[in-house]
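Protein sequences appear in the order of chains A and B. Just so you know, numbering that gives the first Met the number 0 puts 57 at position 58 of the first sequence, and the rest follows in order with no gaps. Just so you know, numbering that gives the first Met the number 0 puts 303 at position 304 of the second sequence, and the rest follows in order with no gaps.
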Amino acid sequence: MSQQAGWRSLPKAGVTFRLSTDYKTGDWRALKPVIDYNKCTKCMLCWLFCPDMAIVWDGENVVVNYDYCKGCGICANECPVKAISMVPEF
Amino acid sequence: MTVNGDEAVAYAVKQSLVDVVAAYPITPQTIIVEKFSEFVADGEVKTEFVPVESEHSAMSACVGAAAAGARAFTATSSQGLALMVEILYIASALRLPIVMAVVNRALSAPINIHNDHSDAYLMRDSGWIQLFAENVQEAYDTTIQAFKIAEDERVLLPVAVNLDGFFLSHTLENIYMLPDEVVHEFLGGYRKVSKVKVDYFDEEVPLALNPARPLSFGNLDLYDYYFEHKVQQVEAMKSVPEVVREVNEEWFKLTGRRYGDGILDPFEVEDADVVLVGMGSGVGTMRSVVRRLRKEGLKVGLVKLRMFRPFPFKEVVEVLKNAKVVAVMEKGVSPGSYGPLFLEVNTALYDLKSRPALVNYVYGLGGRDLVPDLVEGMIRGLFKELEKGVFEPKLRYLGVRE
């Protein structure tokens, strides 16, 4: 969680006071997707199906941005070559 | 001008440079919307009128409009208000200065279209400022004042203007109205949106939906910030009495009319042993009885509460501390407890070392008349009890058949 402001300094009305990317939302994840690059064919279906844009293309590979991944497992479910496995976070 | 309470509110809204009115008709509020839609149809106002399909949508449309920086108004009653409740909390938490006329009516069941304050009590904890009008003139005055109070930088909270159904909404009264330009000047023209500082802009930006400086409203706000935002609302409520007083004084300079200090209006309480506390149109009846009994030498007084939320604890203590008995006149009921107004007055007086005895009179439910004889009998009874010094039971009904 980012640094927390008190009620006196918070903007009114609950409007966001930082960019949405500043709010890390991956901390409620229980299972995290891990990509096996030996199997991955870079078909990008995981990227297409990710509901949170947590899967990104780094120029060479598909990688998971764990700051925002909630561990829903859709990517692992949709992967046609079963390259993604969901492993316990802790 | 001779108008009924609903028309008076419609005229006040017409003069207040309101950008958006979204409303759904419900008795006894209907005339407000009817009259206002006439103004719109005749081209007398530039207001965008949104005829919605329910009160839930009426308040939602007002929230959207106000979030975009518009001055928004709606009106409702009873079940309509109940249907709005979800959005009432959103309006106040998003700090949107919406004004709503609540034409007070009993809540079902049994179905009843007449007046009591059940609907006002229903929205008690929603974070809205609640003002009560005693007569048609006050309903007109308060509606215009409400915009100024709501939009004040120190406040930024929605305001409900309560007027009693039928007793005020459908009763013709001769009232004084201000010329349009004077109202425009009083309100400072169209709504001015306040500014907010957020980390990702290096300037203060309007606290409104604006494509040039985008902000998102209605965000998820879990245990990390929800608490702080609620405290902000509570703290904003603290500035309300000051603002209401200022607006009341400014109105007085403009019109020669004021309502006590804007918060409460005491009548003959300085040396009174028995003091009545009430809100809304019933106060008029009570005042006439108090005036009559005073001529007989009975030491009786009356406090008219104009502001119910935020509740003026300090002011209530100040005005009631010397009374021997306080009769809280309640036009609502909370099954299983005392009336909401009684609980507030009780809380206010608790810290006094020697405090007056308190009784709670529930009256006028479902529109039953509060006739002067009933009030007179009640006051005389209280003086008799005062001699004995026993006040039981605490919760009483005025005008109910055994």
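Positions of the beta carbon are idealized from the N, C-alpha and C atoms, including for glycine.
* **Beta-ladder partner(s) of E47/B, from DSSP** => V19/B
* Asked: From the beta carbon of A12/A, is the nearest beta carbon of chain B less than 8 Å away?
  -> At least one chain B Cβ lies under 8 Å of A12/A.
* Taking one C-beta from the stretch 14-28 of chain A and one from the stretch 229-245 of chain B each time, how about it: are there three or more such pairs within less than 8 Å? -> Result no; under three Cβ-Cβ pairs closer than 8 Å.
* What separation, rounded to the nearest whole angstrom, lies between the Cα atoms of R286/B and E54/B? -> 35 Å
* **Exposure of S76/B, with buried meaning 16 or more beta-carbon neighbours within 10 Å** => buried
* Asked: Residues in the stretch 139-167 of chain B with C-beta within 7 Å of chain A's C-beta atoms, listed in sequence order?
  -> L155
* Beta-carbon proximity check, F390/B vs V324/B, cutoff 8 Å -> yes
* In three-state terms, what does DSSP make of L47/A? -> helix
* Asked: Does the separation of the CB atoms of N359/B and F341/B fall below 8 Å?
  -> yes
* Asked: Which of the residues in the stretch 3-35 of chain A, read from start to end, lie with their CB under 7 Å from any CB of chain B?
  -> Q3, G5, W6, L9, P10, K11, A12, G13, V14, T15, F16, R17, L18
* Mind listing the chain A neighbours of L404/B? Cutoff is C-beta to C-beta under 8 Å, in chain order. => Only positions 0 to 401 of chain B appear in this structure, which leaves residue 404/B out of reach.
* Can you list the alpha helix (DSSP H) stretches of 4 or more residues lying completely in the stretch 231-311 of chain B, in chain order? -> 239-254, 281-294
* Element boundaries [alpha helix (DSSP H), containing V32/B] -> For V32/B, the enclosing alpha helix (DSSP H) begins and ends at 29-40.
* Asked: Just checking my contact of Y67/A with D51/A at CB under 8 Å: how many whole Å lie between their CB atoms?
  -> 6 Å
* With 8 Å as the threshold, decide whether the Cβ of M0/A is near any Cβ in chain B. => With a pLDDT of 40 at M0/A, under the threshold of 50, the modelled position of that residue is not reliable, and the figure given next carries that caveat. It does; some Cβ of chain B falls within 8 Å.
* Looking at the structure shown, is G72/A part of a helix, part of a strand, or coil, going by DSSP? -> It is coil, neither helix nor strand.
* Asked: Taking the alpha helix (DSSP H) that D441/B falls in, what are its first and last residues?
  -> Shown here, chain B extends from 0 to 401; a query on residue 441/B therefore has no answer.
* Asked: Y224/B CB to nearest chain A CB: under 8 Å?
  -> yes
* Contact set between the stretch 190-206 of chain B and chain A, restricted to residues whose Cβ is under 7 Å from the partner -> V195, K196, V197, D198, Y199, L206
* Asked: Can you list, in chain order, the residues of its chain whose CB lies under 7 Å from that of D179/B, leaving out five sequence neighbours each side?
  -> Q14
* Asked: For H228/B, which residues of its own chain have a beta-carbon under 8 Å away from its beta-carbon, when the five flanking residues on both sides are left out?
  -> A92, D220
* Mind listing the chain A neighbours of L87/B? Cutoff is C-beta to C-beta under 7 Å, in chain order. => Within chain A, no residue comes near L87/B; the closest Cβ sits about 15 Å away, beyond 7 Å.
* Is the Cβ of S215/B closer than 8 Å to any Cβ of chain A? -> S215/B counts as touching chain A.
* Asked: Can we count S36/B as close to the ligand ATP, meaning its CB is less than 7 Å from some heavy atom?
  -> The model depicted lacks the ligand ATP and carries no ligand whatsoever.
* Would you say D403/B faces chain A, with C-beta separation under 8 Å as the test? -> A question about residue 403/B goes unanswered here, because the residues of chain B that appear run from 0 up to 401.
* Asked: Under the rule that 16 or more other beta-carbon atoms within 10 Å means buried, what is L369/B, buried or exposed?
  -> buried
* To do: Count the other CB atoms, across all protein chains shown, that sit within 10 Å of the CB of L18/A; report buried if there are 16 or more and exposed otherwise.
  => L18/A is exposed by the Cβ-count criterion.
* Where does E137/B land, buried or exposed, given buried means 16+ other C-beta within 10 angstroms? -> buried
* Residues that E227/B contacts on chain A, provided the C-beta gap is smaller than 8 Å -> A4, G5, W6, L9
* Asked: If you check the beta carbons only, do G281/B and G335/B fall under 8 Å apart?
  -> no
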